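Notes to accompany the following structure.
Chains as they are written, first to last, in the working numbering: chain A, 5 to 500; chain B, 64 to 469.
The following block contains the structure:
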């Protein structure tokens, strides 16, 4: 069932034509989409189960236009849903019936490539891969690589703090963004950070990263680029049990080795993938690990040998080191095709995104299997093993009325992640999808404090309402202090 | 009045609630090593987290450590060392620079100041390794954010706000950090006799190479002479240092390659583990500027390529001792006596809007006259003020330490 969104404001809906005309005056030409058939292209994002036609779509192409649109919406009390590449897996850019979608696709230029300061300045609609493509001829790349990197925008990456398979060694988006320019809901333009490394004052850049379009609209991004490692080699390791594979991951890290990537797949995922891309994965194992080591050639050779020895010690029943670049890419081809491969064997699937303390993996996998049996839906698991980010894929058939059961199973899995000390989402964001689960991780006080930060940026709650927070509060109400006449709540505690 | 020294999170909460109830502004401290960073402000009472101590969780295989905010860094670093791990951001110990003792700071202080050492250019600052926390806000509420896992985008990343907020938003009670394996081997390549421009060109070339350089700093001759490392002190010229870390075979090979590459810039030397550690610790702690204590000290963060230009425009007018870290992106400098504003006008003009200059050390009267933190444009200043409101509406936590209205 789609989650309940804030009730549409009928007065705003009644003014639709007037609002369209006002926005048209700001973004002339084809900048405002009003026709239902064209609006349909924006009705959902990467979380296709949820759909909603927006009131209007606006496609600005300058910062000034963004500022004027936001100022207008702020003055008129119109809700705004920012949208980048539209690849959110948590419904981050799900439209609102009475809101505009602010689509940033026209901001698609790279503004500066600065090899000496090792950074790239890009407009937010540039794709993640577009940045690497612009600098790879010189031997550089942009490290975070979410699986949607062909299509997802760098602005969206910042909004969602996107991850990928190399986070353990190279960090998330938050660790690779140096600066942004953003427009506040009032239309004010501010710059946070820049080409320098440390930013002083409150780290608003850090808060913007992962704020899911609730705090402001990003109009420029400065990211750091890295020199491509001289060599990368991968090991494909098969284990008779998930426990042994999990032990191997722990043992590699305990030995002081931080691989560039460390990915795990369980039996259902291995089989789905092998049927799809024929990556020559072993089929007689319960768990498969891909361990990639990158860096100077001398180091990679040394580490490959050490990881091989660890894997043997942990009971690997299959072991192969990539001997060539095509072979390394073949190891990865299966993992990278895991989602579409699972898509082939089921009419629909839900992709979950919890993170757990890695040592709890065997327990979580077996409890997940029990939940799966109880509910009668299959699960395939792919796992960013190095950093504990789990992607259970729940297989179901919406036409057979299984969506609600799948959603319930998903929620149970995420509750399990929180119960063992993990979190609801590692890289996909809360959005609408996990919004109502937030209280399993946070108390009311925790959530109120987050909402007050939202109020500091957007006091009228016009930016992307209905996402991230399970309840909507008025900022004035959140701002009240609860001091009870100077009386101490714990009179029995010693007063030092 | 004697300082408040809560020993539990509940006592901390009660102490902040009391202060809120009778509107007493608090000065928030760990063990006070960085107390003199920031603007002087009026506080009715001191609140120290120094009695909130102890590592509460350490799982080396999971690369995670949690500790109470007042836990001494020395204790944590000792524990990490036993497990051949470290904080990759290489937290400096600014105790001596600020006229205090070494090895006294707390983990909470490191986070609150968002400290970072030479490895900043590769591994980030405290903010990048700060996974989650528990704290008490100026609203007298205990809250948490983040978690203990590496990858987490659940809700706003309030950890980032806490890092570098200098105790003005909330009092940290518990912090959870990412830890990483310590390098098995470290070596440094020294290039002798470069001027600032050539030094940055050399460091840039090294950073652009595939040799994974984890430190790039430059000492002019006058400061190199103050080093405790013989090769550096005896160079009689500027010394540019590049650090390589990793497995033994790799470090030796990369070092050899870097030496070849750097030979085009000047005479090269190599430092092995012990001397390397000594040199990078000096750079980390700005040891060259500890004396004379009377001199004001500034810390500048600029785009790496602008380092030399910023230094040139400052040294044209002011008598300063300076050195560069982060490949040119970090400039530490101390100002000779005689400048009424500790050089603030000249230094901030040189930096412009392309970075920031922070007055890290100065007598209280100077810190009261000069903005200690780089002045912000109005829209940003107003936003910072609203963020402060959201955590501490009554201004009871370090009020005015960063900016007059924050």
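Cβ coordinates follow ideal geometry from the N, Cα and C atoms, glycine included.
For clarity, every value in this text was computed on a predicted model and none was experimentally measured.
In its own chain, which residues sit with a C-beta less than 7 angstroms from the C-beta of residue i, not counting the 5 before and 5 after it?
| i | result |
| --- | --- |
| residue 329 of chain B | 254, 255, 256 and 257 |
| residue 78 of chain B | 67, 69 and 110 |
| residue 440 of chain A | 7 and 474 |
| residue 413 of chain B | 373, 376 and 377 |
| residue 134 of chain B | 116, 117, 118, 169 and 170 |
| residue 499 of chain A | Unreliable placement is indicated for residue 499 of chain A, whose pLDDT of 32 sits below 50; no coordinate value is reported for it. |
Output, in chain order, the set of chain B residues within a Cβ distance shorter than 7 angstroms of residue i.
| i | result |
| --- | --- |
| residue 179 of chain A | 187 and 191 |
| residue 361 of chain A | 125, 211 and 212 |
| residue 302 of chain A | 312, 313 and 316 |
| residue 456 of chain A | 453 |
Could you tell me how far apart the beta carbons of residue i and residue j are, in whole angstroms, since I believe they sit closer than 8 angstroms?
| i | j | result |
| --- | --- | --- |
| residue 456 of chain B | residue 418 of chain B | Rounded, the Cβ-Cβ distance is 31 angstroms, inconsistent with contact. |
| residue 177 of chain B | residue 226 of chain B | 4 angstroms |
| residue 259 of chain A | residue 310 of chain A | 7 angstroms |
| residue 296 of chain B | residue 290 of chain B | 5 angstroms |
| residue 418 of chain A | residue 428 of chain A | 5 angstroms |
| residue 454 of chain B | residue 205 of chain A | Residue 454 of chain B to residue 205 of chain A, Cβ: 15 angstroms. No contact. |
| residue 181 of chain A | residue 227 of chain A | 6 angstroms |
| residue 249 of chain A | residue 293 of chain A | 5 angstroms |
May I ask whether a heavy atom of the ligand FMN can be found less than 7 angstroms away from the beta carbon of residue i?
| i | result |
| --- | --- |
| residue 404 of chain B | Questions concerning the ligand FMN fall outside what the structure shown contains, since it holds no ligand whatsoever. |
Mind pulling the chain B residues with CB within less than 9 angstroms of residue i?
| i | result |
| --- | --- |
| residue 515 of chain A | What is shown of chain A runs 5 to 500, which leaves residue 515 of chain A out entirely. |
| residue 426 of chain A | 210, 211, 212 and 215 |
| residue 105 of chain A | Neighbours of residue 105 of chain A on chain B: none; closest Cβ ~22 angstroms, over 9 angstroms. |
Mind listing the chain B neighbours of residue i? Cutoff is C-beta to C-beta under 8 angstroms, in chain order.
| i | result |
| --- | --- |
| residue 214 of chain A | 216, 219 and 220 |
| residue 449 of chain A | 204, 205 and 206 |
| residue 91 of chain A | Those do not exist, as residue 91 of chain A stays about 15 angstroms from chain B at its closest Cβ, beyond 8 angstroms. |
| residue 429 of chain A | 215, 216 and 217 |
Can you tell me which of the three DSSP states residue i falls into?
| i | result |
| --- | --- |
| residue 355 of chain A | strand |
| residue 461 of chain A | helix |
| residue 15 of chain A | helix |
| residue 78 of chain A | helix |
| residue 266 of chain A | strand |
| residue 403 of chain A | helix |
| residue 440 of chain A | helix |
| residue 111 of chain B | strand |
| residue 387 of chain B | strand |
| residue 372 of chain A | helix |
| residue 388 of chain A | strand |
| residue 364 of chain B | strand |
| residue 104 of chain B | coil |
So, for residue i: in the same chain, excluding its five sequence neighbours on each side, which residues have a beta-carbon less than 6 angstroms away from its beta-carbon?
| i | result |
| --- | --- |
| residue 468 of chain A | 85, 217 and 218 |
| residue 284 of chain A | none |
| residue 165 of chain A | 176, 177, 178, 213 and 214 |
| residue 155 of chain A | 89 and 91 |
| residue 185 of chain A | 195, 223 and 224 |
| residue 406 of chain A | 400 |
Starting from residue i, find everything on chain A with Cβ-Cβ shorter than 7 angstroms and list it in chain order.
| i | result |
| --- | --- |
| residue 267 of chain B | 120 |
| residue 365 of chain B | 200 |
Going along chain A, which residues have a C-beta under 9 angstroms from residue i?
| i | result |
| --- | --- |
| residue 183 of chain B | 201 and 202 |
| residue 274 of chain B | 231, 234 and 300 |
| residue 419 of chain B | 200, 202, 203, 204 and 205 |
Can you pull the chain A neighbours of residue i, defined as C-beta to C-beta under 8 angstroms?
| i | result |
| --- | --- |
| residue 436 of chain B | 204 and 205 |
| residue 200 of chain B | 453 |
| residue 389 of chain B | 201 |
Nearest chain E C-beta to residue i closer than 8 angstroms, yes or no?
| i | result |
| --- | --- |
| residue 322 of chain B | Absent here is chain E; the protein component of the structure consists of chains A and B. |
If you drop the 5 nearest sequence neighbours on each side, which residues of the same chain put their C-beta closer than 8 angstroms to that of residue i?
| i | result |
| --- | --- |
| residue 459 of chain B | 79, 82, 83, 86, 87, 88, 89 and 201 |
| residue 215 of chain B | 194, 195 and 209 |
| residue 292 of chain B | 334, 338, 341, 342 and 345 |
| residue 482 of chain A | 452, 455, 456 and 459 |
| residue 121 of chain A | 199 |
key: Completely contained beta strand (DSSP E) runs for the stretch 185 to 228 of chain B, where each covers 3 or more residues   = Fully enclosed beta strand (DSSP E) runs of 3 or longer: 193 to 200 and 205 to 209.
key: Whole runs of the alpha helix (DSSP H) within the stretch 19 to 53 of chain A, excluding any shorter than 4 residues   = Within the stretch 19 to 53 of chain A, the complete alpha helix (DSSP H) runs of at least 4 residues are 20 to 30 and 40 to 43.
task = Would you mind listing the beta strand (DSSP E) stretches within the stretch 392 to 465 of chain B that are 3+ residues and don't spill past its ends, in chain order?
result = Segments of the beta strand (DSSP E) lying fully in the stretch 392 to 465 of chain B: 393 to 398 and 419 to 424.
message = For a minimum of 4 consecutive residues, which ranges assigned as the alpha helix (DSSP H) are wholly contained in the stretch 121 to 190 of chain B?
response = Secondary structure remark: continuous alpha helix (DSSP H) runs of at least 4 residues inside the stretch 121 to 190 of chain B, in chain order: 136 to 145, 170 to 175 and 183 to 186.
query = What beta strand (DSSP E) runs, 3 residues minimum, are completely inside the stretch 153 to 216 of chain A?
reply = Taking only runs of at least 3 residues, the beta strand (DSSP E) segments lying wholly in the stretch 153 to 216 of chain A are 181 to 187 and 193 to 197.
query = Which residue spans inside the stretch 243 to 318 of chain B form an unbroken beta strand (DSSP E) run of at least 3?
reply = Complete beta strand (DSSP E) runs here, min 3: 248 to 255, 276 to 282 and 302 to 309.
inquiry  = What ranges does the beta strand (DSSP E) occupy inside the stretch 288 to 356 of chain A, keeping only unbroken runs of at least 3 residues that lie completely in it?
reply    = DSSP runs (the beta strand (DSSP E)) wholly in the stretch 288 to 356 of chain A: 291 to 299, 322 to 325 and 352 to 355.
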